[in-house]
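Sequence positions in the sequence shown follow our numbering and run 1 to 370.
We put the CB at the ideal spot given by N, CA and C, even for glycine.
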Amino acid sequence: MAQIENSWIAGLGIYEPGKPIEDVARELGLDSADDIIKLASNENALGPSPKAMEAVSAAVRNMHLYPDGGGYYLRKKLAHKFNVSMKNVVLGNGSNELVDLLCMIYLHEGQNLVMAEQSFVAYLLGARKVNAEVRRVPMTAFRHDLPAMLEAIDENTRILCICNPNNPTGTIVSQEEVQDFMDAVPDHVAVIFDEAYIELMDEKDRIDVLPYVLTRPHTYLLRTFSKAYGLAGLRVGYGIGREEDIALFNRVRAPFNINSLALVAAEAAMDDQDHVEKTLRMTQDGLALFEKFFDDKGLSYVKAYGNFMIVKVGSGREVFKALQQRHIITRPMDGYGLSDYLRISIGTEPQNKRLIAAMNELMEQGVIKA
Ligand SMILES: *Cc1c(COP(=O)(O)O)cnc(C)c1O
């Protein structure tokens with residue numbers, strides 16, 4: 001057979017997700033997965049909002065019908081929340097899909113995307129899929145170095161991503177840094193602000209990018225229902241931008257990219273601010289608990305603002321394996337070039353305490369090295 005597929009496809013990396021609970025149960029030969037906790041993918045440990053679960057149950061009887069391809073009610077609700085027009089809002093099958101679509105819209109061979117070296121791998125994969133180049137700019141103290149990212153831009157750059165808080169480092173950018181950056185970024189570069197974890201941040205640490213997104217051409221804010229809203233399994237995210245730019249998505253997205261259950265769940269989740277508040281509190285308490293533990297033990301970690309942290313443990317891969325033996329799934333960071341770090345997601349209080357107890361044991365055994 002002749003090779004007729006696009007030449008770069010076979011060479012693409014494959015996304016390595018957090019390990020599913022079922023996989024670990026199978027590998028460990030467990031009959032039940034009940035004892036396993038997953039603190040690997042920054043999911044909401046409180047689960048989905050009860051309101052979202054009810055809405056999904058009620059919508060199940062209509063799942064023989066195609067969903068509303070325009071996502072009218074959800075977009076309307078989001079437009080109201082941000083005080084923008086519905087035409088400023090696009091929905092995605094997770095914000096991950098929107099990243100892919102932006103790469104399809106802005107990039108092709110010979111062009112490039114600029115991102116921080118340790119940032120969300122979806123940007124890298126999105127650009128590579130359309131055979132564009134990726135420029136990864138070293139971070140400074142695990143933070144986006146926006147001046148260095150500006151330097152990395154050339155005439156072929158079409159997208160630049162700012163992930164705030166940044167996955168996997170958990171760090172944030174300041175309003176002043178972003179303002180200076182926006183003053184200098186050239187017109188031929190689309191700017192993506194990814195705020196997947198914004199709802200989990202203390203109000204005082206949040207910055208406002210909406211004014212840029214609504215006025216500067218080719219500037220987008222991406223958010224998701226996968227984290228604070230607890231709907232990672234249903235796949236819903238959204239983007240906000242100028243009307244003209246948001247219209248571009250409708251030319252490239254699949255006609256029914258958000259399924260009917262996801263649409264009603266997301267609407268109901270938006271109505272359950274109580275659940276979001278609880279999640280925020282759980283996250284803040286969990287971060288404080290881990291900071292205290294790491295400080296006490298002399299483990300070095302990066303001050304984090306999302307619902308996850310990276311901590312220096314010696315060999316991240318070894319510690320990941322040892323924790324898995326104790327039925328706790330975490331995330332090694334060697335894929336990001338941080339092989340001595342482990343990323344943990346914030347869980348419920350009992351889950352956090354279980355992880356701390358296990359890490360304590362591993363320190364005593366010398367598997368974790370301060
Ligand atoms: C989890 C995450 C997302 C959300 O992805 P979905 O496709 O919406 O589930 C987006 N960006 C970052 C940086 C993330 O960590």
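DSSP places alanine 25 inside the alpha helix (DSSP H), whose first and last residues are 21-27. Three or more beta-carbon pairs separated by less than 8 Å link the stretch 197-212 to the stretch 164-184, which places the two stretches in contact. In this structure leucine 113 does not touch isoleucine 153 by the C-beta definition: roughly 10 Å separates them, more than the 8 Å allowed. In this structure, the beta-carbon distance from alanine 184 to leucine 150 falls below 8 Å.
Boundaries of the beta strand (DSSP E) around tyrosine 238: 237-240.
Straight through space, the alpha carbons of valine 90 and alanine 265 are spaced by roughly 17 Å. The Cβ atoms of phenylalanine 293 and methionine 309 lie no closer than 8 Å to each other. In the three-state scheme derived from DSSP, where H, G and I count as helix and E and B as strand, threonine 224 is classed as strand.
If you draw a straight line from the Cα of alanine 228 to the Cα of asparagine 42, it is about 9 Å long. Boundaries for aspartate 208: no beta strand (DSSP E) harbours it, and the DSSP string shows neither H nor E there. DSSP, reduced to helix, strand and coil, places phenylalanine 249 within a helical segment of the structure shown. Burial check for methionine 333: the Cβ neighbour count within 10 Å reaches 16 or more, so the residue is buried.
Ranking Asn250, Phe320, Ile240, Asn166 by CA distance to the CA of valine 121 puts Asn166 first. Annotation for phenylalanine 120 indicates a beta carbon within 7 Å of some heavy atom of ligand 1. Under the DSSP definition of a beta bridge, phenylalanine 193 partners with Ile162, Leu221. Judged by DSSP secondary structure, glutamate 133 falls within the beta strand (DSSP E) whose first and last residues are 133-137. Inclusion of valine 137 and leucine 124 in the CB contact set at 8 Å is not warranted, their separation being larger than that value. Residue environment: aspartate 202 is assigned as exposed (fewer than 16 neighbouring CB atoms within 10 Å of its CB, all protein chains considered). By the criterion of at least three beta-carbon pairs nearer than 8 Å, the stretch 251-260 is not in contact with the stretch 32-46.
Scanning the stretch 39-106 for uninterrupted alpha helix (DSSP H) segments of 4 residues or longer gives 50-59, 72-82, 95-106, listed from N- to C-terminal end. Rounded to whole angstroms, threonine 219 and glutamine 324 show a C-alpha spacing of 41 Å. For glycine 94, the shortest C-beta to heavy atom distance toward ligand 1 is below 7 Å.
Shown here, alanine 116 sits in a strand according to DSSP, grouped into three states. Looking from the CA of threonine 283, the closest CA among Ser300, Ala269, Ala304 belongs to Ala304.
Beta-bridge annotation (DSSP): arginine 331 is paired with Arg343.
Distance from the Cα of histidine 64 is smallest, within the candidate group Ser119, Ser260, Pro217, Met182, for Ser260. The residues Val130, Asn131, Ala132, in chain order, have a CB closer than 8 Å to that of histidine 108 in the same chain once the five nearest residues on each side in sequence are set aside. Listed as beta-bridge partners of arginine 143 by DSSP are Thr140. Boundaries of the alpha helix (DSSP H) harbouring valine 264: 260-270, taken from the DSSP string. When DSSP states are grouped into helix, strand and coil, isoleucine 310 belongs to the strand group. Counting along the chain, tyrosine 123 sits inside the alpha helix (DSSP H) bounded by residues 121-129.
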